[in-house]
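Each step along the sequence shown adds one to the number in UniProt numbering, with nothing skipped, and position 24 is 24. We put the CB at the ideal spot given by N, CA and C, even for glycine. On a predicted model such as this, the values are computed, not experimentally measured, just so you know.
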Amino acid sequence: MSGRAGGKAARKSTGKQQKSKSSRAGLVMPVARVHRYLKLGRYGKKVSVGASVYLAAVMEYLVAEVNELSGNAARANKRKTVTPRHIMLGVRNDAELNELLKHVHISFGGVLPSIHPVLLKKKGSLPAVPQGKSG
Numbered sequence: 001m002s003g004r005a006g007g008k009a010a011r012k013s014t015g016k017q018q019k020s021k022s023s024r025a026g027l028v029m030p031v032a033r034v035h036r037y038l039k040l041g042r043y044g045k046k047v048s049v050g051a052s053v054y055l056a057a058v059m060e061y062l063v064a065e066v067n068e069l070s071g072n073a074a075r076a077n078k079r080k081t082v083t084p085r086h087i088m089l090g091v092r093n094d095a096e097l098n099e100l101l102k103h104v105h106i107s108f109g110g111v112l113p114s115i116h117p118v119l120l121k122k123k124g125s126l127p128a129v130p131q132g133k134s135g
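In C-alpha cells, the structure reads:
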C-alpha cells in the first residue's frame with residue numbers, strides 16, 4: 001500500500017460530498033458518460049468537458065421535445081401509453097424535428113395518415129354520371 005488516502009477515505013476526511021458533472025451543469029443526461037464516449041470515439045486528440053456538457057444538454061433538449069410531442073399524440077388518441085406510432089406522429093408533424101430526422105425510420109411507427117384530395121368527395125357536387133353507351 002502506498003499510504004496515500006484516496007477515493008472514499010479522502011472524502012470522509014474533508015467532509016465534502018461527491019458531486020457529479022451532470023448535477024453541476026444542472027442536467028439529467030450523464031455528462032461523464034458522454035465525455036467518455038467522445039474520447040473513445042476518437043473525434044479529436046482532446047475533448048473538453050465543456051463540449052461534453054454542451055452535447056449532453058442538446059441530447060436532453062431533444063429527448064424532452066420528442067417526449068412532449070409523442071405524449072401529446074398519445075393524449076390525442078386517448079391513450080396513456082406512448083407507442084412508437086405516437087413517437088412517429090409527433091416527430092413527423094413537427095417541421096423542425098421532421099427535417100432533423102427525415103432519414104430516420106421508426107420501427108412499428110407506420111405512416112402518416114393522408115388521403116389524396118382527388119379521392120375526397122366535394123360538398124355540393126352532383127353525383128357522377130357514368131359515361132357509357134346510352135340506350
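- When rounded, the separation of the alpha-carbon atoms in Asn93 and Lys80 is 20 Å.
- With a beta-carbon spacing of about 6 Å, Val91 and Val66 fall inside the 8 Å limit used to define contacts.
- When the Cα atoms are used, Pro84 and Leu38 turn out to be separated by approximately 28 Å.
- In terms of Cα proximity to Val49, the closest of Leu69, Arg24, Gly109 and His105 is Arg24.
- Val31 is not a Cβ neighbour of Ala51, given a cutoff of 8 Å.
- Contact check for Ile106 against Met88 passes: the beta carbons are separated by less than 8 Å.
- For the UniProt domain "Core Histone H2A/H2B/H3" (9-92), the full-length alpha helix (DSSP H) segments reaching 4 residues or more read 21-25, 31-40, 49-76 and 84-92 along the chain.
- Pairing Lys19 with Pro117, the inter-Cα distance amounts to about 58 Å.
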